[in-house]
Amino acid sequence: MPQYIKQTSRTILFEEFSRAERIDENGLSVPVDRLDFLLDRKAQKTFMEVKDKLIVHSFKEFIEKFDPKYYEFISVQTDPYTGEEVPIFTYSLRKPLRGNATECRLVEQPFYKAMIDIYRNKGVAGESDATFEFSKLIDRIFSPSHAMDEARDIRGRLTYNFSEYLRLEQQGAAPEELSEIASEIKRLRRRVRDEYMSRSQFNLIPLIIQDTRERLEYRGDSAKDPANGGTVQRHVEITFDEKGKLQYHDKHIDDNSDTLLIGTSSVESATKRLCTTISNDFDRAAESGKNQLRIVDDPQSTGFMKKMLLSVFGGQAFEDDDASVEELQSNLVLYEAMYKKSQESFAQNVVSLVEKIINVMAFFDHAGSNAELIVSNCGISELIKESNRANFVQFIEALGNEKTDEKIWFAIMPAVDHKDFVSIEGVSKAVTLDDDLDDETTSEESSYSLTPFPHLLTALELLGKNNIITFFNFKGCSRTSSAELTSETIVAYKNALENVKYRDYAVFCYPNFTILPQRESHVKIGQEYIKLPPVFVDASYIAASLCVSTQHLDTLSSKDFPVSDALGQPVRFDFEGSFDTTTGDKKVLLSQVFATKMNRELILSWNSGLVDEISKSGGFGFCFCGDEKWYTYRGQTTKQSNAYVFRARTLAKDHIIDADGNPTNDERYRPIFKTMVKTYFSVIATKTDAQQIRRICDDYSGGKSKMNINNAIYSPNSSGVQSEETITFNENRINITYDRDSDGFNLEFRESSN
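Residue numbers (the UniProt record's numbering): 1 to 754.
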């Protein structure tokens with residue numbers, strides 16, 4: 001059979017990721033590309049722009065193209081102990097209209113990294129959320145000691161290379177040899193500038209906390225008077241060893257001089273040289289505008305940040321001549337409070353973006369290397385508003401009804417709002433025994449931008465009318481997670497979605513997946529607890545990406561399923577079915593081989609009432625399950641350690657046929673593959689004529705053809721269907737008899753069928 005079309009998986013995602021600006025080739029500051037900005041009354045022109053600017057094929061390409069950003073501000077708070085002004089860090093996803101704000105890359109932020117680690121580790125751990133050790137991953141990321149370990153690597157390398165440079169310089173080494181070491185020092189200095197001056201001012205906070213802790217530890221271990229256990233004031237200077245570890249040296253103080261003593265060791269000398277160099281780098285960065293370490297309301301007030309930077313990377317930044325233990329302790333309390341407030345501000349205001357990025361990562365993790373995603377970088381609400389509607393409709397009509405490999409097959413519409421199902425949990429407020437009984441315990445809401453339910457209905461009609469299968473879900477939250485899924489919830493979902501039009505192209509996805517549960521969303525730093533909001537993955541990303549993965553013959557072949565290049569695309573793929581493999585496994589459950597990479601969140605299985613409600617009329621929606629399941633594949637019987645597809649249905653219903661082939665009054669929800677098969681034939685019909693379509697149907701009906709998973713119909717000899725499926729063509733109409741129902745649809749040919 002001729003391969004009229006080879007692409008049946010291109011997906012468009014309606015979600016905003018970045019409102020940041022970039023510098024174009026003319027030096028102008030322009031917004032990051034968005035579909036609503038690219039829309040033109042000529043669909044051809046719009047699509048060429050989309051192909052160039054909005055299509056990505058991997059998560060790496062997505063990050064490179066959209067590079068999600070957030071903005072960091074510094075407000076001033078007075079230190080109650082010293083009277084000094086101390087900065088507090090706050091965050092936003094939108095660039096402020098006034099004042100100085102640092103634009104930061106999300107992928108470099110600790111909270112984001114922590115959530116990525118949890119997402120990755122949960123998927124391979126094979127544990128429920130009740131037994132998964134969230135705290136180990138969270139504590140490691142947020143711990144100041146962990147941040148210090150990373151900085152020490154830089155600091156130790158700097159000190160070592162400075163020491164080597166001074167040693168070789170004293171020995172009269174050749175310029176080339178000195179230049180090589182100087183180049184390495186320059187690279188490390190640039191890294192200090194870029195990571196601790198130019199990007200996020202916040203990166204220094206955990207380092208100064210850890211330094212202060214170590215100074216207090218030194219005082220506690222080494223400064224006790226053996227006679228009475230009291231504290232003796234000692235004059236010390238701080239240096240670092242070759243591994244970047246803090247070292248403390250007693251020094252003699254000349255009351256008549258405030259000149260710093262010059263150390264005699266090469267490490268001390270290198271450290272003093274390093275201190276001077278970093279200080280100069282700081283000042284030069286400030287003069288050139290690359291230094292972001294300043295207070296918004298007073299750009300000249302860099303003293304605090306400079307002191308903080310030099311305490312970590314400069315050996316003589318802090319000299320404890322006058323600092324008492326009490327002062328160090330009060331500083332530590334202040335820094336820990338600053339760290340707590342800053343982390344909570346970030347998590348509260350930027351968690352929505354973190355979730356979105358993890359969602360895209362999950363999409364490509366499941367879809368595989370052949371995926372192609374159009375990222376609109378704007379919500380559906382922006383596209384259907386009056387100023388954009390006409391051009392957007394024209395774009396969807398063109399790409400949804402396209403008869404070539406440029407067609408859009410799937411759409412993802414995550415984070416839909418609904419008053420009955422969605423409640424956004426922010427950072428929870430602590431409850432105490434002394435709380436007023438009339439006070440309600442609430443959470444501070446995060447800055448989410450959700451798709452209004454009426455806008456979803458409008459979009460589903462437009463996309464369905466133009467043959468695009470849309471995967472959607474209510475926003476991920478505790479109420480839409482597997483932990484709170486009940487039979488009553490399923491009934492409520494069904495009722496809420498009654499008015500959806502073009503139901504055979506609408507796929508409701510549930511439950512959503514949990515990355516960080518509410519009960520695990522805290523971490524202790526010193527005497528403070530950082531409270532984090534829960535984090536979720538939207539089910540529509542996972543459902544769509546799994547469907548994308550099944551549409552690539554090489555993926556199916558790599559999993560031992562028989563395919564034939566003489567047949568078409570694998571649009572008949574049924575997640576609820578089974579198929580024989582080329583290695584001799586019989587009736588392998590496709591849902592288990594194509595399981596998710598998400599963990600099974602619950603310890604207990606679903607109760608029978610919930611299973612029955614989901615399974616009514618064949619099964620409701622695209623449903624994920626985490627109940628224990630065993631399956632045989634590649635000669636081994638294995639317990640599924642991840643969540644898997646339980647049902648893969650659209651919202652449309654078909655009448656079930658009886659043994660004689662007559663329709664009954666019983667209905668079942670239409671499987672996604674039926675819509676895929678219908679759309680596929682509609683596409684290739686316009687590229688050929690009726691005679692060729694008849695030959696194609698005959699090819700599919702051949703006995704040996706049904707042994708291939710990319711055939712349009714299945715045989716009981718090679719799959720789990722109960723009866724032989726048939727496909728016939730007569731007078732421009734295709735009729736397919738499936739396992740328990742049938743489907744019939746007319747075809748429109750580009751060429752005359754007479």
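The C-beta atom is built at its ideal place from N, Cα and C for all residues, glycine as well.
Check                                                                                                                                                               : Outcome
What is the C-beta distance between Ser-591 and Tyr-510, in whole angstroms, given that I count them as a contact (C-beta under 8 Å)?                               : At roughly 16 Å, the Cβ-Cβ gap does not stay under 8 Å, so Ser-591 and Tyr-510 are not in contact.
What residue ranges within the stretch 89-173 form continuous alpha helix (DSSP H) runs of no fewer than 4 residues, ordered along the chain?                       : 110-125, 134-142 and 144-170
Compare the Cα-Cα distances from Cys-104 to each of Ile-713, Thr-90, Val-721 and Leu-97 and report the closest residue.                                             : Thr-90
Can you tell me whether Trp-606 is buried or exposed? The criterion is at least 16 other CB atoms within 10 Å of its CB, across all chains shown.                   : buried
When the Cα atoms are used, what is the spatial distance from Thr-276 to Arg-219?                                                                                   : 27 Å
Quick check: what's the CA-CA separation for Tyr-70 versus Glu-406?                                                                                                 : 34 Å
Are the CB atoms of Gln-518 and Ser-9 within a distance shorter than 8 Å?                                                                                           : no
Using the rule of at least 16 other Cβ atoms within 10 Å of the residue's Cβ for burial, across every protein chain shown, is Gly-744 buried or exposed?            : exposed
In chain order, which continuous runs of the beta strand (DSSP E) of length 3 or greater are located wholly inside the stretch 605-657?                             : 622-625, 630-633, 636-639 and 644-657
Can you tell me where the beta strand (DSSP E) holding Glu-667 begins and where it ends?                                                                            : 663-671
Kindly provide the ranges of any alpha helix (DSSP H) runs that are 4 or more residues long and lie completely inside the stretch 672-748, ordered along the chain. : 672-685 and 690-701
Quick one: is Ile-118 buried, meaning 16 or more other Cβ sit within 10 Å of its Cβ, or exposed?                                                                    : buried
Going by C-alpha to C-alpha distance, which of Phe-620, Ile-530 and Leu-610 sits closest to Asp-627?                                                                : Leu-610
Have a look at residue 756 and Glu-108 and give me their C-alpha separation to the nearest angstrom.                                                                : Past the boundaries of the shown model lies residue 756; the chain is included only from 1 to 754, so the question cannot be answered.
With 16 as the cutoff for other CB atoms within 10 Å, does Ile-603 come out buried or exposed?                                                                      : exposed
Can you give me the C-alpha to C-alpha distance between Glu-372 and Ala-459, rounded to a whole angstrom?                                                           : 21 Å
Per DSSP, what kind of secondary structure is Asn-599 in: helix, strand or coil?                                                                                    : strand
Quick check: the Cα distance between Leu-553 and Val-588, rounded to an integer number of angstroms?                                                                : 17 Å
Let's see if you can read the secondary structure: which residues bound the beta strand (DSSP E) around Ala-415?                                                    : 410-416
Between Pro-533 and Ile-709, which are expected to be in contact by the criterion C-beta below 8 Å, what is the C-beta distance as a whole number of angstroms?     : With a Cβ gap of about 42 Å, Pro-533 and Ile-709 do not count as contacting.
Thinking just about the alpha-carbon of each residue, which of Pro-2, Leu-747, Gln-3 and Glu-15 is nearest to the one in Glu-382?                                   : Glu-15
Closer than 6 Å by C-beta to Phe-162: which residues in its own chain qualify, once you throw out the five before and the five after it? Chain order, please.       : Ala-270, Arg-273 and Leu-274
Looking at the unbroken beta strand (DSSP E) that takes in Ile-12, where does it start and where does it end?                                                       : 11-13
Need the endpoints of the alpha helix (DSSP H) that Leu-353 sits in, please.                                                                                        : 325-367
Grab me the residues of Glu-127's own chain with a C-beta within less than 7 Å of its C-beta, minus the 5 sequence neighbours each way, in chain order.             : Asn-599
Would the stretch 52-61 count as touching the stretch 398-412 if we require 3 or more Cβ pairs under 8 Å?                                                           : no
Which residue marks the beginning of the beta strand (DSSP E) containing Lys-531, and which one marks its end?                                                      : 528-531
Along the alpha helix (DSSP H) that carries Ile-490, what are the first and last residues, could you check?                                                         : 487-496
Which value, in whole angstroms, describes the spacing of the CA atoms of Glu-133 and Thr-514?                                                                      : 14 Å
What whole-angstrom Cβ distance do Ala-652 and Ile-672 have, given they're in contact under 8 Å?                                                                    : Contact flag wrong, Cβ pair sits at about 10 Å.
Alpha carbon to alpha carbon, what distance is there between Leu-457 and Leu-38?                                                                                    : 24 Å
Contact check, Lys-687 vs Lys-403 under 8 Å by CB: the rounded distance?                                                                                            : 6 Å
Quick one: what's got a C-beta closer than 6 Å to Ser-557's C-beta in the same chain, skipping five residues either side?                                           : Val-563
Could you check which residue in Ala-20, Ala-43 and Asp-40 has the C-alpha nearest to that of residue 831?                                                          : Past the edges of the chain, shown from 1 to 754, lies residue 831, and the structure says nothing about it.
Is it right to say Ala-659 is buried, meaning 16 or more other beta carbons lie within 10 angstroms of its own, or is it exposed?                                   : exposed
If Glu-613 and Asp-129 are in contact, beta carbons under 8 Å, what's the gap, nearest whole angstrom?                                                              : About 23 Å separates the two Cβ atoms, so there is no contact after all.
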